[in-house]
Each structure stands twice: as C-alpha cells, then as structure tokens.
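Position in the sequence shown (from 1) plus 10 gives the number in the working numbering. Glycine included, every Cβ here is placed at the ideal spot set by N, Cα and C. As the structure is a prediction and not an experimental result, all values here were calculated from the model.
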Amino acid sequence: INADDRTIIGSPHPDFVAGLDLGFKMGQWDFSATVFGSFGGQIYDAQKDFYVFRDFETNVVSDRLTNSFCITGDEGCTHPGDQSAKYPRLNIGDLGSGDISSFFIESATYVRLRALQIGWTIPANLIHWLPSGRVYVQGENLFTITGYSGLDPSLPARAFTGASGDIRDQFRNIDVGVYPSSRILTVGISTSF
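The following block contains the structure:
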C-alpha cells in the first residue's frame, strides 16, 4: 500500500435532512418542540490523530489500551491477533497507523431536540395590574442521538479562503476540535402593559 492507493472516500454532505416542529395548546398551557435530523454524510475526525495515535506522546484514552490489536508478548495483551480490535497496535514506534485513512471516517447522522418550550398563560384576573402574561421554560440542544464518537456531529462549516479569494467548504465536516453546540436553559416571563 502506498500513495497510489489513495482515493476520495465519504462525503461531508448529508443524503437527507429533516425537521419537525410540534405545537400543542391546552387551556393555559402550551408546548412546542423542534426536532432536527441529518442523515448520511461522513465526518473526518482529525482529533483521533491526537487521542489515538499520541502525536504528542501523551496519555491515551483508557479503551485504547484494552481495545488495541496486539500480538503475543505485548504487555497487557489478552486477545492476541484479534482482527476485530477497535484500534491498531499500540506501539510508540508506529509511524504508519496515523496516516490519513478510513479509520478517521465516521457517520455524521444525528437527530437532535433543538428546542423545547413549555409555557403557562397567566389568567387575566389572577394579577389585576397585569392584563396579560406568560411564564415559560425553554431548553435548546437538550439531547442528540448519534453514533459519532466525537463531541458534536453538527460541525459548523469552517471558512477557507481559496487563492482567488472565494470561500469554499473544503473543511466541511472535518472535526478539528470545535466547541460543541451549547445546551441552553432559559426561564422567562413575557407580558404587555
């Protein structure tokens, strides 16, 4: 295997995206939710270069020690020659396993509860000086269902300025350690006078 065997694999673009907005009102109570899903597409997890292959010769994640390929005689080897190992052989002198390969490619499919809001409309006769009002609790990015091992499968597109000054999406779905989507909880009151 050499550089002539390289080929383009995967696609950062999803095959299908979908969203669902839900709303429900009963008496003084109201409920709304937004669910979003992205299906297909792949992520290149560049972070694995650091936490799997020890670019800085640092410690590794714990399952790297127990789920690496090993041969008889390797320290801590419990299943020598196991072809279904999650990681390549743990070897500080290994200069080839960290090369760009399909090992870094993961599914970008996810479903996320983007927003959830529960509100209660204050009855007009409850507070005489308040003609109308509503109290609500809102959560954003409450949970994500995904098989991606990184922090967040909804990576933002990184701006890349090409030679002609245009901005391209050449770095789309490459995880280089961007901060994940924040989970936000809000309590609010809306009213009018």
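The alpha-carbon separation between residue 119 and residue 128 amounts to approximately 28 Å. Nearest C-alpha to residue 80 among 73, 63, 99: 99. The beta carbon of residue 197 sits closer than 6 Å to the beta carbons of 147 from its chain, once the five residues preceding and following it are set aside; these are given in chain order. In this model, residue 112 and residue 44 are separated by some 34 Å (Cα to Cα). In this structure, residue 97 and residue 74 form a Cβ contact; the two beta carbons are roughly 6 Å apart against a cut-off of 8 Å. Taking C-alpha positions only, residue 30 is separated from residue 183 by approximately 23 Å.
In chain order, 144 place their CB closer than 6 Å to the CB of residue 200, counting only its own chain and leaving out the 5 sequence neighbours on each side. DSSP places residue 95 outside both helix and strand once states are collapsed to three, so it counts as coil. Here residue 185 is buried: its Cβ has 16 or more other Cβ atoms, across all protein chains shown, within 10 Å. Pairing residue 87 with residue 158, the inter-Cα distance amounts to about 27 Å. The distance from the Cβ of residue 42 to that of residue 32 is about 6 Å, consistent with a contact at the 8 Å cut-off.
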